[in-house]
Every structure is written in C-alpha cells, then in structure tokens.
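First the structure, in the form of structure tokens, and then the observations on it.
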C-alpha cells in the first residue's frame, strides 16, 4: 500500500511538470527551479511534511522533496541554534545530495566521453 | 530600389562540389551521394569542434580534387558555420592557405557563401570557393543542451545536420573539367541577398516558422522581378523542415503563385523523418550545403535538372537574445542556377 | 496574409503539431511513479539496515543520483528520457543527469573552465534559488519566532 502511495504521488508530481513543459514551453531547467522553490514554500507553510508522511519516497524523491529538505533543515537549525540556522540549516540538510551529484558528476566527466545522438 | 535580383554580367560556373557527412545522414535517403562519411561523427578528431573543422577540410579538399584545382590557384574562399567566432571554418580551412572570408548567416550560410563567391568571380577573381558546415554535437552544446542531457523534443523541432558542403567556382567555362557523364555545367545566373525578416516567432523549437517568412519574402521579390515559379525544375529551400515548408507554400500561395509542385526542402530530403527523432526535418548550414553539393548539383550536371532556384534559409537565433525574451529573425538568400548544356 | 507579427505568431502556433500530451503524461506518470516507488523501497532498505531516517533519505537520493549519473555516462539516460520526459526529470535523477551531462560534455574545455564551471549550467539555478528560498524562509521564520517570544531583541 505504501508503495502504491509513493507511486501515485510521485507520478502525479511528474505529470504536473509534463503538463507545464508541453503547455507553457517552459524549459526543463525552469521546471526544476520552480519545483525546488515550491518544495521550500510548501515545506515552510507546513503542507509538504504531511505529504511526506503519506507518500514517503513519492514526496522525497521528486525535486520538491529537495526543497522541502532545505526548508526543514533551516527550521530545525533555527530551532536549535537561533539565527545562525538561517545560513547553516538549508545546505546542511541537503549536503548529501549536493555532494553526491557534484562528486559523481565530476568523476563521470573523467571516465565518460560525450556521444552523438542517433 | 533595394531588394532586386543581381544578374551576373559575366558567367560564373560551379566547377565542382563535394560533401562530407555523419552517420545519421549516411543512413538517410541521400546517404550514398556524400563523398565521405564518418561512422562515429568524429572524423578522427577528439573534440566535436575539431570534427566539424575536419569535415570542412575534407569537403573542400574533395571539391578541389574533383575540379583539378590547386588551392594556390584560388582567389578567395568564403566559409561559415554555426559556432561562435566561426571556429569550424577558421581552423578547418587553415591548411589550404587560401585568402579567407568568414561568414555567419546561420543556416543560410551556404547560399550566402555561394552568392559572395559568385559575385567575386564575376568581378575579376578567377576561382573562388564557398564552404559551410554544421555538426549536431557542436551545435547542440552551444545552442541547446549537453549531448547526454535527457530532454524531449517537440514535433516541430528540427535536427542539426552533421555535414559540410564545398563549392568551387570559376569564371571560365573552359576551366571546368567535364567527363562524358556531365551533360550540363551549373552556372549561377543571378543571385539575390535576403532581407532580415522578423515576424515575432520566439519558439526555439519552431525554427521553420521563424524562417518561412524570410524565404517567402525573397522568393516573392524574385518572382515579382520577372521570374515565374514554373520556370524552375526545382525550388530548393535550405532547412525549413516540414513546418516551415508548409508555411512557405501557404505564404507564396497567398501572393497568387504556386510552388507546391516543384518545391523541395533540403531538411526533408536528408532524413527519413517519420517516426524518428528528426521530427520536422534537418537544419543547420551543413544541411543545404551538403544536399546542394551532392544530390542537387549532381542532377544538374546529369542534365536531369535544368534550372534550380536555391534559397538558403537561416534562423538568426542567439541563445542570449532568446533568454532576453527576444524573437528569432530569419533570412533567406537566393541563387538562380542554370545547367548550361555541354557541347 | 499574416502581415503583422502577432497574427503570424498565432497562425504558426495554431498550425504547429502539438506534443502528444496524453501519451507524454502517461509515460511521465508511470516512469516517475516507478522511480519514486523504487526510491521508497531503497529508503526502507536503508532504515531496515539500521540507518537513521535522515541518513536513509540522504543515501536514497545519493543512490538514485549515482544510477542516473552512470546511465548518463553510458549514453542511456537521454534515450530513456526522450520517452519518459518529466518522469525522469522531476525525480532527483533529472538533477543528476543535468549535472553529469554538463560535466561530461565540457570535459574537452578542461577541468576548471570546462567541468568545474559548466557542471552548474542547469544545476546551478536549482541550487541558487533553492538555497536562497530556504534562507528567505529562515529569515521570515526567525522573525516570526522572535515576535512570538516578545519582540525582536
């Protein structure tokens, strides 16, 4: 059941982006930015937390989940340490994902060569 | 008055033409007509930019070989590509040591180069060349996304052709090498430079629509100056693709003329577009250059095509101005090519 | 016909063949849903192995990123993504593909001006605006908390 919930919520978030791409001709890069910022905003107003409770990976795997992670990190850090949390919390919470993407990406550039499309 | 055809007072002949192309193009309907193809699109080079340069070198080298001309006998070469600072041309033609003019006319560059080379030949130069190229891999990363980026293309999107075409021109008919198979020598009878036309298209994935009004403008001006569409065996546009071709025919029809019968587009000739990622057809200045240099001019030489109107179309798109919410202007240059029957 | 820009633009947009929205959405739904469900499974696996919830989430993202980077490197990701569209873009896999493809593609320009700088072409905006939005929320949250405690001191 929980896997079905993850599937449905994650799938729905993707469909929404697909409609935006096809209907508004927005570039994929813009969609990603909108999703991250939306995740921060929804996390800030307390809506994304319950969605994560409900859908698990369906809410954390999409890029909105990345935004939620940032907002949650900021909030937790401020609760624990006060104002310094504004600067520390977001990136600290997202550190693993950011490092993984940059490190794996950089290593890939040493190993792989770009290929023509067919 | 501006925008009239320029009729060449002195005859200028296309002594030879040659092309180089990549794998997707080799597998297309015209695959056999290109002089040299590369199965990995690299042409033995380690960067895409060098690969594109190498295509230009190969194309000009092959064209000079066919004409039997030594590079040192050329007065000038006009060359262009899609890359910033025209690097593919600068580096690609370096080794020939021919006086060089670099051009940027987006995808219209093949026609632009042909026009300028023919005018210079008509103005006293003896032999000139025009070379153009585009490479999917170098263009994609400059204009759109990295090659491995996972994106979706819309049905109106066009596919940058990996190809180069070279034309060698001479002002002397006796200079043209003719074997028995050559029934006619292509002669450039008249040219007409295009006017930049902007009808407000801002969709990066619909270049055909951005270029079609420019092509319609150039053709309409040419027809108004006394040519009838029916006089031509073919009216060849550069890379309007499926979308732009249909729009062009509509626009011309609205002036009371019909080009549906004899219009073809290099972007549609070079690929089997149906069911592939080519979508609306090929684009890029290598597209019209390679198709003209191979298939079309071969048919003129074989006497199959007696008169061809070549309209090189270009979308003068810059990623920078598109980000600034700018529109995409188009341009279309025209060459009127006649096959002059050999004795 | 279509003499001014506005009319022409409308005409061109109206006649242009549209993307197959229904098919694209179905593909995005199935592929995106599947990636999320797989991510959910990974997360369960990591928690089962005794990791904290936060670390399990972090490792899940990292694992999906690694898979996407490898698929990008082998030139498979773009062949999948042209069918799945937003289904592979929206999950963290899309972010990873953007990072890796930029890095691989710019390798010929060197490690610093090439890979180092271009790796952020698509990923940079996501980080800049995601982190900035977080900081802006942090300021607002801090002020609200301070006000609730009886004024900013």
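Residue numbers (our numbering), protein chains in the order written: chain A, 11 to 128; chain B, 791 to 1133; chain C, 753 to 905. Glycine included, each C-beta is placed from N, C-alpha and C at the ideal position.
Between the alpha carbons of residue 959 of chain B and residue 773 of chain C lies a distance of about 50 Å. Counting along the chain, no alpha helix (DSSP H) covers residue 968 of chain B, and no H or E run does either. Interface annotation for the region 110-125 of chain A against chain B: 124, 125, criterion Cβ-Cβ distance under 7 Å.
Neighbours of residue 792 of chain C across chain A, judged by C-beta separation under 9 Å: 12, 13, 15, 16, 17, 20, 65, 66, 67, 68, 70, 71. By DSSP's assignment, residue 949 of chain B forms a beta bridge with B:1072.
Here residue 964 of chain B is exposed: its Cβ has fewer than 16 other Cβ atoms, across all protein chains shown, within 10 Å. With contacts defined as CB atoms closer than 8 Å, residue 779 of chain C and residue 837 of chain C qualify as a contacting pair. Look at residue 1011 of chain B here: in three-state DSSP terms it is helix. Separation of the CB atoms of residue 1029 of chain B and residue 1063 of chain B is rounded to 12 Å, and the pair is thereby denied contact status at 8 Å. Linking residue 913 of chain B to residue 798 of chain B through their CA atoms gives a straight-line distance of about 9 Å. Using a C-beta cut-off of 8 Å, the region 879-899 of chain B makes contact with the region 1062-1076 of chain B, since at least three inter-stretch Cβ pairs fall below that distance.
For residue 849 of chain C, the C-beta contacts it makes with chain B under 8 Å involve 938, 939, 940, in order along the chain. Nearest CB-CB separation between residue 800 of chain C and chain A: not below the 8 Å threshold. Scanning chain C for C-beta atoms nearer than 7 Å to the C-beta of residue 39 of chain A yields 874, 877, reported in chain order. Shortest Cα-Cα distance from residue 1024 of chain B to any of B:1096, B:923, B:804, B:1058 involves B:1096.
Taking each of B:1084, B:838, B:1002, B:1015 in turn and checking the Cα distance to residue 1053 of chain B, the smallest one comes out for B:1002. Counting C-beta atoms within 10 angstroms of its own C-beta, residue 854 of chain C has 16 or more neighbours from the protein chains shown and is therefore classed as buried. The Cβ of residue 56 of chain A sits no closer than 8 Å to any Cβ of chain C. Contact between the region 1114-1126 of chain B and the region 898-906 of chain B is present, with at least three C-beta pairs closer than 8 Å. If you look at residue 792 of chain C, you'll find it in the alpha helix (DSSP H) that goes 773-800. The beta carbon of residue 1117 of chain B is closer than 7 Å to those of 988, 990, 991, 992 in its chain, skipping five residues each way along the sequence. Ranked by Cα distance from residue 955 of chain B, the first of B:1127, B:1086, B:796, B:809 is B:809. Spatial neighbours of residue 1031 of chain B in its own chain (CB-CB distance under 6 Å, excluding positions within 5 residues in sequence) are listed in chain order as 948, 998, 1057, 1070, 1071. With respect to residue 1015 of chain B, residue 919 of chain B sits apart: the two C-beta atoms are not nearer than 8 Å. For the pair residue 1098 of chain B and residue 1026 of chain B, the CB atoms are nearer than the 8 Å cut-off. Beta-bridge partners of residue 803 of chain B (DSSP): B:960, B:977. With distances taken between CA atoms, residue 887 of chain B lies nearest to B:862 out of B:906, B:907, B:862. By the 16-neighbour rule on beta-carbons within 10 angstroms, residue 28 of chain A is buried.
For residue 805 of chain B against residue 857 of chain B, the beta-carbon gap comes to about 4 Å, under 8 Å, which counts as contact. Contact note: residue 1121 of chain B does not reach chain C at a C-beta cutoff of 9 Å; the least C-beta distance is about 16 Å. Excluding residues up to 5 positions away in sequence, 841 lie with their Cβ nearer than 7 Å to the Cβ of residue 832 of chain B in the same chain.
The Cβ neighbour count for residue 1045 of chain B, taken over all protein chains shown within 10 Å, is under 16; the residue is labelled exposed.
For residue 921 of chain B, the three-state secondary structure derived from DSSP is strand. Apart from sequence neighbours up to five positions away, the residues of its chain that approach residue 941 of chain B with a beta-carbon distance below 7 Å are 935, ordered along the chain. In this structure, the CA atom of residue 938 of chain B is about 16 Å from the CA atom of residue 925 of chain B.
Here residue 843 of chain C is buried. Its C-beta has 16 or more other C-beta atoms within 10 Å.
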